[in-house]
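In my numbering, the protein residues as written are 2 to 224.
Now the structure itself:
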């Protein structure tokens, strides 16, 4: 293995992020989803054949197509900006001025270093400056940014930034507590550990506001 390969292995094995944005090429959407599925299907077929699998077996015949559709339509669907959820907001007519919190939003993502699952919970909060967002939209925003090859720190930041744009306020926070199967099922094989990341904006940078949020979620997440 060359020094360059060793360097990139070191980054991936230690889950180091090198880009605050998802590294997506400019021509990422030059071809249709259907063409992507056909290309990935052939790649998965070749991978399985290289591993020595018998693709004439009834159980494996449809695997390349299933995997390709899953990649494009499901677990990496958040790469497509056309699938970005509309963050519907409403006037805060009832003048609710306290922190609005939502915890234990189920999160499924994929580690971009080994393409293995990240499974956990996201907890979000904001303080309205005149608008509120539908409860289900918080889930949709988490889901959208999770459905792509990800690094947990980046995902946490993207959720906060999207809510800040939608609500017109810096007063947004997000904490994610998740298990990485690239740690739990390979490498160190630590099945108990989870990774916690946080991003605090505006008033959440103040100790008292941040503590109110953290006391609420308590980080007693169960997987």
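Don't be surprised by glycine CBs; every beta carbon is placed ideally from N, CA and C.
Counting only unbroken stretches of 4 or more residues, the alpha helix (DSSP H) elements lying wholly within the region 95–169 are 136–147 and 153–168, in sequence order. In the three-state reduction of the DSSP assignment, residue 6 falls in the helix class, which pools H, G and I. Counted as a single uninterrupted DSSP element, the stretch harbouring residue 36 is not any beta strand (DSSP E) but the alpha helix (DSSP H) occupying residues 34–51. 8 Å or more divides the Cβ of residue 140 from the Cβ of residue 119. No residue range can be given for residue 57, since it is assigned to no alpha helix (DSSP H) and is classified by DSSP as neither H nor E.
Looking at the DSSP output, residue 191 shares a beta bridge with no other residue. Here the alpha carbons of residue 24 and residue 31 stand approximately 16 Å from one another. Residue 200: member of the beta strand (DSSP E) spanning 196–201, first to last residue. Residue range 173–181 is occupied by the beta strand (DSSP E) that includes residue 173, with no alpha helix (DSSP H) assigned at that position. Per DSSP, residue 64 is one residue of the alpha helix (DSSP H) stretching across 64–70. The beta carbon of residue 73 sits closer than 6 Å to the beta carbons of 34, 37 and 38 from its chain, once the five residues preceding and following it are set aside; these are given in chain order. Distance from residue 149 to residue 77 at the Cβ level is roughly 6 Å; contact confirmed, criterion being Cβ atoms closer than 8 Å. From the listed residues 108, 175, 164 and 192, the smallest Cα separation to residue 135 is found for 164.
The beta carbon of residue 112 lies closer than 6 Å to those of 119, 181 and 183 in the same chain, with the five residues before and after it left out.
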